[in-house]
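For the sequence shown, our numbering assigns the number 235 to the initial residue and increments by one for each residue that follows.
Using N, Cα and C, we set each Cβ at its ideal position, and we do this for glycine too.
All figures in this text were calculated on a predicted structure; none of them were measured in a lab.
Have a look at the structure below before the remarks.
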Amino acid sequence: MAAYEFTVTVRTQYLEEQSQPDSSHFVFAYAITIKNTGQVAAQLISRHWVITDANNHVEEVRGLGVVGHQPLLQPGEQFEYTSGTSLATPQGSMKGEYFCVAEDGEQFDASIPEFILSLPRTLH
């Protein structure tokens with residue numbers, strides 16, 4: 235087991251009531267669970283997202299914390315939050331990483347595995 239490790243899992247949902255397909259505006263929510271699977275307490279400092287739509291338009295988003303928080307997680311603890319994004323296409327993907335600092339000063343990135351944003355009816 236790595237001393238410094240956050241494991242990230244994601245659930246997505248298409249928000250039909252907030253979307254306007256006629257205007258190429260598709261809104262998705264994603265629920266993120268960040269679990270400290272390492273051996274040292276660490277704090278999530280910032281995030282970096284790479285959002286790609288079906289037209290290969292890429293948007294990068296960087297910022298401090300997540301939903302206004304910079305959670306400090308002891309080994310075994312987890313933090314959950316929900317956020318969202320909008321795309322100009324009915325399908326796309328997101329991936330990225332969280333920049334973290336451990337209690338002992340060690341810095342590391344926690345990878346956010348790529349996940350697909352898609353309308354339910356477009357999956358085959």
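Under the three-state DSSP convention, the category residue i falls into
i	result
P347	strand
D287	strand
E251	helix
S280	strand
S258	coil
Sequence-distant residues of the same chain with beta carbon closer than 7 angstroms to residue i, five excluded per side
i	result
A237	G272, Q273 and V274
S253	H259, F260 and V261
Span separating the alpha-carbon of residue i from that of residue j
i	j	result
V301	S317	7 angstroms
C334	I346	13 angstroms
T319	V261	6 angstroms
E251	F342	38 angstroms
N290	P309	38 angstroms
A344	H303	16 angstroms
Residues of its chain near residue i, where Cβ-Cβ distance is below 8 angstroms and the 5 sequence neighbours each way are ignored
i	result
I350	T246, Q325, G326 and S327
E294	H282, W283, V284 and I285
P255	P324
6 angstroms Cβ shell around residue i - same chain, five flanking residues per side excluded
i	result
L353	Y248 and P324
D287	L321, A322, T323 and G326
E239	T271 and G272
R296	H282
S258	A322
L298	S280
L306	Q277
Whole-number beta carbon distance between residue j and residue i, since they are thought to touch under 8 angstroms
i	j	result
I266	E314	7 angstroms
V242	I279	The pair is not a contact, with the Cβ atoms about 15 angstroms apart (cut-off 8 angstroms).
Y264	V292	Rounded, the Cβ-Cβ distance is 17 angstroms, inconsistent with contact.
E311	K329	About 24 angstroms; that fails the 8 angstroms criterion.
Can at least three beta-carbon pairs, one atom from the segment 268-283 and one from the segment 338-353, be found at a separation below 8 angstroms? As far as the Cβ criterion goes, the segment 268-283 touches the segment 338-353, which means the pair count is three or higher.
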